[in-house]
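One structure below.
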Ligand code: UTP
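Residue numbers (the working numbering): 998 to 1600.
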């Protein structure tokens, strides 16, 4: 390390650099590493490159030297076709399977609610979203077409604020957001323009991840673009390095945080399941608990596997979907590869949705011993059979779900499998790719399916809380994706997060009847104590400091309608084109309480 510091501290101009790249110089390694980049460059360009190299060197936990050493090793392994799972036998690990609404589920929600005041949340939002192809940041997208201001970031913060108010025991619940050069400025602006969506800025930390050098061949040479070392994203595994480097993990631990929840940018429904998942972590004393769904074979989500080696090494960890099939095929027990289990119709390996609950004690001690550096991997696309050059530059990457690999073998790593409808419906794909996936029977993961699933979840929660509401609403095919909507129910986070929260809003004697063509938006302290009959569209909005008590209300109007939007329709907004439809509001009954307790009794 000392050598690295000295080479860039001393080589302030190109002349000194040339000296340092002299193989006979004692300060050899990094400059030699970079020497190929300087051929044909003038003094000034060399100095600029050197400056950039010094900056990258300071940013990488092991410096440029560590990065290149690991890159060369991984590239060599890749070239030689080394199997990273060689000698490991996979099996289905032990974990909890929770049925939403079951007694166990309720018990876990109760335990989880008690732990919420000791929880910190981490949103990884540094991804570019190439598959979606949206120009802005993904967290600025609205989950619901009819409610444009309800972007993902606002929804997440609103859930945290709700949790804080109901279960925070007077404490502020912290949120850390990981951004990248691609998302940082836009994320900060979105927060500032909206006054942090009501969150105190002192409870929010933004940590920016840096890009890493791109590599152009199997010898680990860096790629140059526009006179600079080309850089590329390093992956969401950086979140652990940053939680350590920025001191966030330590300060959260010191302030009493016992559980850290990691979640992704466009999974708008995830908070609904988190209290129950937290309960599973508490009751099982899991060091790491991965949220899982039943996995369709071939689907682009990894599988959680128990991997045991003859030499005694053993992990419970995610195996990426493209590695799962070859790993399984190499065994006797799973020789058919990534196929469905005959009984369930799903892969026997739970599908990892990349939401992790990590116990703070294990987290902090592991970060301290490892620096939070999760395993890196490389995935080059070779230009030809010689496996020397790549089609386009590659880079080392890392994934946050590989954290269990840093834990000691005794650590308890588990998972919680839940029905998909309560925890997973991200916006990953543009509408064309989503339609192609839908055609193949794979989850389309588009803006439209995410909205459809969020409304279906809200509908089911009302149903489970005692409302009479059908699950089927409008249905149609929108830009090639078949969408079977439920009634358009939006329960905003200020109305409640978990199933228990929603149940608490509806008195046992209440009678709620909602027809399939209806739309209902509920915000804030709204309580259903008597009769609600809805056939049309209704908004019940209780602003902070006010409440609405529904004792007797009957609403019939022409309501809202889902209408197809053609891709070439010039009047469609970007987010409507992304869905292939828009919500047309024909008529809405709106009841708003601004600062008072409003009793609605229209008998
Ligand atoms: P995705 O797999 O959705 O990747 O990331 P992506 O880069 O955002 O989108 P594509 O693959 O280009 O279409 C999963 C989560 O990890 C975050 C994303 O923001 C998302 O929440 N992420 C990804 C980071 O924070 N940093 C990264 O370097 C990559």
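Don't be surprised by glycine CBs; every beta carbon is placed ideally from N, CA and C. All of these numbers come straight from a predicted model, not from anything done at the bench.
Per DSSP, reduced to three states, the secondary structure at residue 1235 is helical. Residue pairing of residue 1261 in beta bridges, as defined by DSSP: 1121. Using a 10 angstroms sphere on the CB of residue 1192, the tally of other CB atoms stays under 16, which defines it as exposed. Under the DSSP assignment, residue 1249 falls outside any beta strand (DSSP E), being part of the alpha helix (DSSP H) whose first and last residues are 1245–1251. In the DSSP assignment, residue 1357 falls outside any beta strand (DSSP E) and lies within the alpha helix (DSSP H) extending over 1357–1367. DSSP, read as helix, strand or coil, puts residue 1550 in strand. The beta carbons of residue 1547 and residue 1525 sit closer together than 8 angstroms.
Annotation: the continuous beta strand (DSSP E) that includes residue 1411 extends over 1410–1414.
Between ligand 1 and residue 1237, a heavy atom-to-CB distance of less than 7 angstroms is absent. When the alpha-carbon of residue 1290 is set against those of 1301, 1282, 1281, the nearest one is in 1301.
Of all alpha-carbon atoms in 1231, 1528, 1498, the one lying nearest the alpha-carbon of residue 1395 is that of 1231. Residue 1215 is not a Cβ neighbour of residue 1096, given a cutoff of 8 angstroms. Where residue 1374 is concerned, the enclosing beta strand (DSSP E) starts and stops at 1373–1375. Your pair residue 1212 and residue 1494 does not check out as a contact, with CB atoms roughly 44 angstroms apart and the cut at 8 angstroms. For residue 1121, the CB falls within less than 7 angstroms of some heavy atom of ligand 1. Per DSSP, the continuous alpha helix (DSSP H) segment holding residue 1272 begins and ends at 1271–1281. Take the alpha-carbon of residue 1158 and the one of residue 1041: they are about 52 angstroms apart. Residue 1184 carries a helical assignment under DSSP once its states are collapsed to helix, strand and coil. Each residue's CA atom was taken as its position, placing residue 1073 and residue 1393 some 13 angstroms apart. In this structure, residue 1423 keeps its C-beta atom at 8 angstroms or more from the C-beta atom of residue 1573.
By the C-beta density criterion, residue 1382 is exposed, having fewer than 16 other C-beta atoms within 10 angstroms. Residue burial is scored here from C-beta neighbours: residue 1398 has at least 16 other C-beta atoms within 10 angstroms and is therefore classed as buried. For ligand 1, no non-hydrogen atom lies closer than 7 angstroms to the CB of residue 1105. Take the alpha-carbon of residue 1362 and the one of residue 1408: they are about 12 angstroms apart. The DSSP-derived three-state label of residue 1087 is strand. In this structure, the CA atom of residue 1105 is about 11 angstroms from the CA atom of residue 1496. Judged by DSSP in its simplified three-state form, residue 1406 adopts coil rather than helix or strand. Assigned with DSSP and collapsed to three states, residue 1218 falls in coil, not helix or strand. Between residue 1415 and residue 1288, the gap from beta carbon to beta carbon is short of 8 angstroms.
In the same chain as residue 1582, and ignoring 5 residues on each side of it, the C-beta atoms closer than 6 angstroms to its own belong to 1557, in chain order. Under a 10 Å Cβ-count criterion, residue 1091 is classified as exposed, with fewer than 16 other Cβ atoms of the shown protein chains found around its own Cβ. Beyond the five residues adjoining it in sequence on each side, residue 1555 comes within less than 7 angstroms, by CB distance, of 1533, 1583, 1584 in the same chain, given in chain order. The criterion of a C-beta distance shorter than 8 angstroms is not satisfied by residue 1490 and residue 1271. Counting other Cβ atoms within 10 Å of its Cβ, residue 1173 reaches 16 or more and is therefore classed as buried. Every beta strand (DSSP E) of 3 residues or more that sits fully in the stretch 1454–1520 is shown, in chain order, as 1472–1475, 1478–1481, 1485–1488, 1508–1511, 1516–1520. Set against 7 angstroms, the gap from the CB of residue 1242 to the closest heavy atom of ligand 1 is not smaller.
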